[in-house]
Each structure stands twice: as structure tokens, then as C-alpha cells.
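Here the structure comes first, spelled out in C-alpha cells, and everything after it is commentary.
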Amino acid sequence: MYPFTFTKAAGTREAIDAARRGGRYIAGGTTLVDLMRETVERPETLIDIAGLPLREITVTARGALRIGALALMADAAAHPKVRTTYPVISQALELSASPQLRNMATIGGNIMQRTRCTYFRDVSAACNKRRPGSGCSALEGVNRTHAILGTSGECVATHPSDVAVAFAALEATVHLLGPDGERSVAFADFLLPPGTTPDREQNLRPGELITAVEIPAHPRPLKSGYLKVRDRQSYEFALTSAAVALHLRAGVIREAKVAAGGVGTVPWKLPAVERHLVGRRPSDALWAAAAAALAADGARPLTHNRFKVELLKRTVERQLRIVGGTA
Ligand code: SF4
1 MYPFTFTKAA GTREAIDAAR RGGRYIAGGT TLVDLMRETV ERPETLIDIA
51 GLPLREITVT ARGALRIGAL ALMADAAAHP KVRTTYPVIS QALELSASPQ
101 LRNMATIGGN IMQRTRCTYF RDVSAACNKR RPGSGCSALE GVNRTHAILG
151 TSGECVATHP SDVAVAFAAL EATVHLLGPD GERSVAFADF LLPPGTTPDR
201 EQNLRPGELI TAVEIPAHPR PLKSGYLKVR DRQSYEFALT SAAVALHLRA
251 GVIREAKVAA GGVGTVPWKL PAVERHLVGR RPSDALWAAA AAALAADGAR
301 PLTHNRFKVE LLKRTVERQL RIVGGTA
């Protein structure tokens with residue numbers, strides 16, 4: 001470890017002022033401290049925001065679910081409203097990390113976490129995300145766990161969050177507060193694909209702080225769930241995952257929300273699958289046709305992760321069958 005300054009923010013405004021001067025926010029610290037130990041990240045000033053009043057999980061007057069950025073993963077997963085209305089969020093959280101980490105890590109920190117690409121965490125390796133312009137070791141290296149969707153010639157790393165996949169499926173909004181005031185960003189526009197600037201990962205302006213993630217009210221009740229496929233049953237990142245939410249009425253799918261994880265440089269929404277399902281009756285043949293034809297549309301596998309194309313299709317099909325009630 002190296003010397004750095006640690007300050008505890010007395011309030012939200014003080015925190016934002018300190019961040020504008022170059023400080024980095026820290027709450028649970030479950031990702032950032034690891035990266036600092038490995039000298040992947042070397043912030044000179046840490047701003048402790050864990051005490052700020054951003055932990056509440058509430059239902060707004062318009063019926064939206066608002067999860068404070070500093071709500072712990074464990075608390076969000078166990079919250080009665082989350083559990084009953086959006087089990088896809090609870091399940092994604094409970095399939096993440098370990099109980100100890102879920103009791104430390106926050107929702108805001110979870111969606112801000114950085115990639116698990118091993119080259120990113122090895123400071124001796126070339127990595128455009130860590131050191132822009134240095135190259136991408138994963139392109140010709142071991143890339144079994146890397147992305148097949150949303151990649152660029154500069155970076156092929158996956159986004160590691162599970163709950164971000166659920167947020168993408170449910171079309172959440174990220175609320176931000178910064179030096180210029182409040183703004184809101186659609187979740188689909190918050191996490192950035194690598195393009196030519198893989199070091200820029202979020203749609204954030206200098207000093208901005210995530211205050212909450214909001215799931216819009218859904219007038220039609222959704223049945224939902226999250227499936228995660230990984231190399232071992234616990235404490236492992238997804239090879240593939242699927243977040244699915246469906247509304248069925250009179251035996252017909254009226255609304256479908258589907259996103260995939262472990263395969264994209266950002267959580268990967270599957271609008272073509274959604275469109276294929278709406279207006280049709282649930283059946284094993286429907287799930288199979290939607291997943292086989294559309295789930296891996298545009299995939300560009302690498303040398304070691306070709307298996308993800310078929311695995312993604314099967315993951316989506318299986319989760320559609322589970323949520324759609326034909327399993
Ligand atoms: Fe770095 Fe991205 Fe390449 Fe991994 S995939 S080495 S994070 S540039």
C-alpha cells in the first residue's frame with residue numbers, strides 16, 4: 001500500500017466538493033481497496049461517504065422503487081418490496097459475492113465495480129483500460145471469461161455486476177448529484193461500452209455522486225427471476241446470466257424484459273428477444289426459438305470463449321422457461 005489521505009464527508013455537498021478537487025468516493029470499499037493494494041488504482045484522496053443519508057429503500061409517490069446508492073446489497077436483497085415485486089433484483093444480489101461482502105458492499109459501489117479481467121489487475125500487463133494506449137493483453141491472451149458482445153479492438157472485458165443485469169432488464173434510472181445539481185440517466189446509458197476509450201466506464205461528470213437507482217413503476221405486475229451460470233456454485237462471477245421479467249394475461253405475454261450478463265462489456269439488454277415474445281403464448285418452443293435465433297445476435301467470440309455463444313442461448317431459454325411457467 002502507498003500513502004493517501006482519508007477524509008470523512010460531513011455531508012453530501014462537502015463530499016461533492018472534495019471529489020471535484022480530485023478525491024475518490026469510497027463506501028464499502030470492497031473493490032477499491034483491493035485495487036489499491038494491487039496498485040491498479042492509486043487515488044491520493046479517499047472521501048468516505050458511508051455515513052451519508054443515502055441508504056433508504058422507498059416506494060415513490062408514483063410507485064417507483066427507489067434504492068439509495070448506499071443501501072447495502074444484503075439489505076436491498078432482503079427488503080420486502082424488492083423481494084415481492086422484483087425478485088430478479090433479490091436473486092441477482094444473493095447470487096453475488098459472499099454474505100460478508102454483501103453486508104459491506106453498496107448498490108452504488110456494485111454498479112461502479114471494475115472488471116475482473118486478470119490483465120487489468122496485473123500491473124505488468126498491457127491494458128488499455130488501466131493504461132490507455134498500452135494495448136489489450138486479452139485479445140491474444142487467455143480470454144475464456146471475456147465478452148462476446150459490445151467489444152472493441154481496444155477492450156473485451158465483461159462488466160462483472162449481477163444486479164446491473166437486473167437493472168438493465170427493468171430499465172432502471174440512475175440518479176446523480178454533482179457540482180451542477182441533480183440529473184438522471186437511463187441505466188442503458190450509464191455504463192459505457194469500451195469503444196476507443198475503455199478507461200471511461202460510466203456516464204459521470206467530475207464530482208458526480210450516485211444517489212439512487214430507481215425502478216419505474218410497472219402498472220402490470222411482472223413475474224421475474226435471475227439465473228447465473230458459473231464455474232462453481234458460489235463466490236464466482238457469471239460465465240453467462242439472464243434476468244427475465246414477464247407479464248402474462250389471459251395466457252398471452254403482454255410484456256417482456258430480458259437482459260444477459262457475463263457476455264457483454266456492459267449488461268446486455270435483448271430487445272429482439274423481448275419483441276419476439278410479446279403477443280405470443282408461452283411454450284417451450286417459443287422460448288427455444290427466441291433464444292436460439294436472437295439471444296446471441298451480433299456476438300463476436302474470441303479464441304477461448306466460443307462456448308459462451310451456445311451457453312448464452314441456453315441460459316436465456318432456461319430462464320424464460322422458469323419465469324414463463326413451463327419449466
Ligand atoms: Fe485491459 Fe480490457 Fe484488455 Fe482486459 S480486456 S486487458 S481490461 S483492455
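Just so you know, we're using the UniProt record's numbering here: the sequence shown kicks off at 1 and counts up by one. Where a beta carbon is used, it is the ideal one built from N, C-alpha and C, also for glycine.
Is the separation between the beta-carbon of His278 and that of Arg254 shorter than 8 Å? Here the question's residue 278 lines up with position 278 in the sequence shown. Here the question's residue 254 lines up with position 254 in the sequence shown. Residue identity differs from the one stated: residue 278 is Val in this sequence, not His. Cβ distance < 8 Å, so Val278 and Arg254 count as in contact.
Of the residues Glu56, Arg220, Pro43 and Lys308, which one's Cα is nearest the Cα of Thr106? Within the sequence shown, residue 106 is the residue found at index 106, counting from 1. The shortest C-alpha separation from Thr106 is found at Glu56.
Which class does Arg275 belong to by DSSP, given the choice of helix, strand or coil? Taking the sequence shown and counting its residues from 1, the one referred to as residue 275 is at position 275. The answer is helix: DSSP assigns Arg275 an H, G or I state.
Counting Cβ pairs, one atom from each stretch, are 3 or more of them under 8 Å apart for the segment 154 to 173 and the segment 238 to 247? yes
Taking Cβ to Cβ, would you say Val165 is nearer than 8 Å to Pro267? By 1-based counting over the sequence shown, the position of residue 165 is 165. By 1-based counting over the sequence shown, the position of residue 267 is 267. Cβ distance < 8 Å, so Val165 and Pro267 count as in contact.
Identified DSSP bridge partners for Ala243: For the purposes of this step, residue 243 is taken as residue 243 along the sequence shown, with counting starting at 1. Beta-bridge pairing links Ala243 to Tyr226 and Ala259.
Within 10 Å of its beta-carbon, does Asp284 have 16 or more other beta-carbons around it, so buried, or fewer, so exposed? The count along the sequence shown starts at 1 and reaches residue 284 at position 284. Asp284 should be labelled exposed.
Pick from Ala76, Met104 and Thr151: whose alpha carbon is nearest that of Val59? Position 59 of the sequence shown, counted from the start, is the residue given in the question as residue 59. The residue with the shortest Cα to Cα distance from Val59 is Ala76.
Ser137 beta carbon near the ligand SF4 (any heavy atom closer than 7 Å): Numbered from its first residue, the sequence shown carries residue 137 at position 137. Within the cutoff, so yes.
In this structure, how does DSSP classify Thr151 when only helix, strand and coil are distinguished? Taking the first residue of the sequence shown as position 1, residue 151 is located at position 151. Note: Thr151 maps to coil in three-state DSSP.
If you follow the alpha helix (DSSP H) that Arg83 is in, where does it begin and where does it stop? Here the question's residue 83 lines up with position 83 in the sequence shown. Looking at the DSSP string, the run of the alpha helix (DSSP H) that includes Arg83 is Pro80 to Thr85.
Where Thr295 and Phe120 are concerned, what is the direct C-alpha to C-alpha distance, given to the nearest angstrom? Taking the sequence shown and counting its residues from 1, the one referred to as residue 295 is at position 295. Taking the sequence shown and counting its residues from 1, the one referred to as residue 120 is at position 120. The sequence given here has Ala at residue 295, not Thr. Cα to Cα, the separation comes out at about 28 Å.
Can you pull the DSSP bridge partners for Val213? Within the sequence shown, the letter at position 213 stands for residue 213. Ile67 and Val174, per the DSSP bridge assignment.
Below 8 Å between beta carbons: does that hold for Ala69 and Leu54? Here the question's residue 69 lines up with position 69 in the sequence shown. Here the question's residue 54 lines up with position 54 in the sequence shown. Their beta carbons are under 8 Å apart, which means Ala69 touches Leu54 by this criterion.
Within the present structure, is the beta-carbon of Phe237 separated from the nearest heavy atom of the ligand SF4 by less than 7 Å? Along the sequence shown, one-based indexing puts residue 237 at 237. For the ligand SF4, not one heavy atom lies less than 7 Å from the Cβ of Phe237.
Ala186 burial status per 10 Å Cβ neighbour count (16 or more: buried): Here residue 186 refers to the residue found at position 186 when the sequence shown is read from its first residue. That one is exposed.
Reference Leu311; option with closest CA among Ala168, Asp231, Arg66 and Ala15: Counted from its first residue, the sequence shown places residue 311 at position 311. Out of Ala168, Asp231, Arg66 and Ala15, Asp231 has the C-alpha closest to the C-alpha of Leu311.
So what does DSSP say about Gly264, is it helix, strand or coil? Position 264 of the sequence shown holds residue 264. Three-state DSSP puts Gly264 in a strand.
Closest by CA to His175, which one among Thr145, Asp162, Leu209 and Pro282? Here residue 175 refers to the residue found at position 175 when the sequence shown is read from its first residue. The residue with the shortest Cα to Cα distance from His175 is Leu209.
Opening and closing residue of the alpha helix (DSSP H) in which Gly109 lies: Translated into positions along the sequence shown, residue 109 becomes position 109. Start and end: Ile107 to Met112.
Identify which residue in Ile111, Met36, Val82 and Gln91 has its Cα closest to the Cα of Asp122. Within the sequence shown, numbered from 1, the residue matching residue 122 stands at position 122. Taking only the C-alpha atoms, the option nearest Asp122 is Met36.
Restricting to Cα atoms, I'd like to know which of His276, Leu286, Gly262 and Phe6 is closest to Thr151. Within the sequence shown, the letter at position 151 stands for residue 151. Looking at the Cα atoms, Gly262 is the closest of the given residues.
Closest to Pro221 by CA distance: which of Arg42, Arg13, Tyr86 and Ala74 is it? Here residue 221 refers to the residue found at position 221 when the sequence shown is read from its first residue. Among Arg42, Arg13, Tyr86 and Ala74, the Cα nearest to that of Pro221 belongs to Tyr86.
Taking just the CA atoms, how far does Leu227 sit from Gln233? The residue you call residue 233 lines up with position 233 of the sequence shown. The residue you call residue 227 lines up with position 227 of the sequence shown. Going by the C-alpha atoms only, they are around 12 Å apart.
Counting Cβ pairs closer than 8 Å, one from the segment 92 to 110 and one from the segment 124 to 135, do we hit at least three? no
Enumerate in chain order the residues of its own chain whose CB-to-CB distance from Glu44 is below 6 Å, with the five nearest sequence positions on each side excluded. By one-based count along the sequence shown, residue 44 stands at place 44. Phe4.
Can you check which of these residues, Thr115, Ala292, Ala19 and Ala147, is closest to Gly207 by C-alpha distance? Walking along the sequence shown from the start, residue 207 turns up at place 207. The shortest Cα separation from Gly207 among Thr115, Ala292, Ala19 and Ala147 belongs to Ala19.
Compute the Euclidean distance between the alpha carbons of Asn143 and Gly251, then round it to the nearest angstrom. Here residue 143 is taken as the residue at index 143 of the sequence shown, counted from 1. Here residue 251 is taken as the residue at index 251 of the sequence shown, counted from 1. Distance between the alpha carbons of Asn143 and Gly251: 43 Å.
Neighbourhood of Thr30 by C-beta distance below 6 Å, restricted to the same chain and skipping five residues each side: As a first step, residue 30 must be located in the sequence shown, where it is residue number 30. The residues are Leu101, Met104 and Ala105.
Can you tell me where the alpha helix (DSSP H) with Ala289 in it begins and where it stops? The sequence position of residue 289 within the sequence shown is 289, counting from 1. Segment Asp284 to Leu294, the alpha helix (DSSP H) holding Ala289.
Under three-state DSSP, which class holds Arg314? Here the question's residue 314 lines up with position 314 in the sequence shown. In the structure shown, Arg314 sits in a helix (DSSP, three-state: H, G or I).
Which stretch, first to last residue, makes up the alpha helix (DSSP H) that contains Ala168? On the sequence shown, position 168 is the one that residue 168 refers to. Start and end: Val163 to Ala169.
Neighbourhood of Gly108 by C-beta distance below 6 Å, restricted to the same chain and skipping five residues each side: Here residue 108 corresponds to residue number 108 of the sequence shown, with the count starting at 1. Correct list, in chain order: Ala69 and Ile210.
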